[in-house]
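> Here's a structure for you.
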Amino acid sequence: MSWTDERIERLKAMWAEGKTASVIAEELGGVSRNAVIGKAHRLGLDSRPSPVKPGEDKPAAAAAAASAAPASAPAPAAERATPSKVREKPPIAAILETAAPMPDDVPAAAPAAAAAPAAPAAKAGETVMVYRSIGPGGFVRQGPGEQQAPIPPAPPRRLVPAKPAPEMADKTGLLDLNDRICKWPLGHPGEPDFHFCGQQANPGYPYCVQHCGVAYQAQLPRRDRRPPPPLPYGGPRVR
DNA sequence: CCCTGATTCGC
DNA sequence: GCGAATCAGG
Numbered sequence: 001m002s003w004t005d006e007r008i009e010r011l012k013a014m015w016a017e018g019k020t021a022s023v024i025a026e027e028l029g030g031v032s033r034n035a036v037i038g039k040a041h042r043l044g045l046d047s048r049p050s051p052v053k054p055g056e057d058k059p060a061a062a063a064a065a066a067s068a069a070p071a072s073a074p075a076p077a078a079e080r081a082t083p084s085k086v087r088e089k090p091p092i093a094a095i096l097e098t099a100a101p102m103p104d105d106v107p108a109a110a111p112a113a114a115a116a117p118a119a120p121a122a123k124a125g126e127t128v129m130v131y132r133s134i135g136p137g138g139f140v141r142q143g144p145g146e147q148q149a150p151i152p153p154a155p156p157r158r159l160v161p162a163k164p165a166p167e168m169a170d171k172t173g174l175l176d177l178n179d180r181i182c183k184w185p186l187g188h189p190g191e192p193d194f195h196f197c198g199q200q201a202n203p204g205y206p207y208c209v210q211h212c213g214v215a216y217q218a219q220l221p222r223r224d225r226r227p228p229p230p231l232p233y234g235g236p237r238v239r
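All residue numbers in the first sequence are consecutive under my numbering, ending with 239.
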């Protein structure tokens, strides 16, 4: 990895922001902390308060020295690292509120053909398969034009108490989660229709195959990773 | 140990 | 010019 103009600019910017050499190296990718420091010095960037050099003294000038009581006081220090905006935490109560209530009356046979979970964004011309709930009994896979399955499944003879309430017939609430169904969240906690994917979980994983594909991605060697897009200032720090 | 930046020096 | 190795303080 070479020092292109663009990378040098990013180095300068981050160095000026006060980021440590390690962080800069990590964000630039493909270079070590030492490389960053070395480059910064060659560029003549401002020195940082060095743990090794409290005041100023040159190794060569060691002979003289002695009489100096260096007014060392570099305290640029920390006032960063605080995210500009603290994400509101979802109160657990709010999540619980959206979980399936369990009213006494039960629906005869929930039609529930509505909203399939988050259809993936499709490029033009692509066929999007959708998993559509056919009620408490399961899901069918449908293409865009396809109609509801012709043979509606026989309604369950008896609904067990744990089964979903009408409004949650096609949604998976917090209380529906177990280790066999996909826990991929759809929507945001606190919103009325917040629910979970609910498809069959990929055995050994918390998500279905589709969402595992999103959640788990192969780690590329550093040099092959795409550097994060230019964030002029204060992008979210991922660590 | 971990972290930090500075410096050196072979390439 | 580059950066690993090394140094040295916190």
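Every residue, glycine too, gets a C-beta built ideally from N, C-alpha and C.
Taking all protein chains shown into account, do 16 or more other C-beta atoms lie within 10 angstroms of the C-beta of H195, making it buried, or fewer, making it exposed?
Label assigned to H195: buried.
> Give me the residue from A40, E6, E9 and D5 with the minimum Cα distance to S22.
If we check each option's Cα against that of S22, A40 comes out closest.
> Leaving out five residues before and five after N34 in sequence, what residues of the same chain have Cβ atoms less than 6 Å from its Cβ?
Counting only Cβ-Cβ distances below 6 Å, and skipping sequence neighbours, we find nothing.
> Just to confirm the assignment: which complete alpha helix (DSSP H) runs, minimum length 4, are found wholly within the segment 10–41?
Listed in chain order, the complete alpha helix (DSSP H) runs (minimum 4 residues) inside the segment 10–41 are 21–28.
> Among residues of its own chain, excluding the 5 on either side of Q200, which ones have a beta-carbon nearer than 8 Å to its beta-carbon?
Once the five neighbours on either side are set aside, the close Cβ partners of Q200 are R180, I181, C182 and C208.
> Label M14 either buried or exposed according to how many other C-beta atoms from any shown protein chain fall within 10 Å of its C-beta, with 16 as the threshold for buried.
By the neighbour-count rule (16 or more Cβ atoms within 10 Å), M14 is buried.
> In chain order, what residues of the same chain have a beta carbon less than 7 Å from the beta carbon of G38, not counting five sequence neighbours either side?
Result list for G38: empty, nothing under 7 Å.
> Which class does Q200 belong to by DSSP, given the choice of helix, strand or coil?
Correct three-state label for Q200: strand.
> Is DSSP giving L45 helix, strand or coil here?
Reduced to three states, the DSSP call for L45 is coil.
> Looking only at its own chain, which residues have a Cβ that is under 7 Å from the Cβ of L177, when we skip the five neighbours before and after it?
Excluding sequence neighbours, L177 sits near K183 and F196.
> When you compare each of P185, I24, G30 and P192 to P206 by their alpha carbons, which one comes out closest?
Taking only the C-alpha atoms, the option nearest P206 is P185.
> Where does L268 fall in DSSP's three states?
Since the first residue of the chain shown is 1 and the last is 239, residue 268 is not available in this structure.
> By Cβ distance, which residues of its chain are closer than 8 Å to S32, with the 5 residues on each side in sequence left out?
The residues are A25.
> Who pairs with T172 in a beta bridge, going by DSSP?
According to DSSP, T172 bridges with F196.
> Which same chain residues, not among the five before or five after A215, have their C-beta less than 6 Å away from its C-beta?
Same-chain partners within the cutoff: Y207.
> What residues in its chain sit with their C-beta under 8 Å from that of G187, if we drop five residues either side in the sequence?
Cβ neighbours of G187 beyond the five flanking positions: D193, F194 and H195.
> Could you pull out every residue in the same chain whose Cβ sits closer than 8 Å to the Cβ of L43, ignoring the five residues on either side in sequence?
I8, L11 and K12, listed in sequence order.
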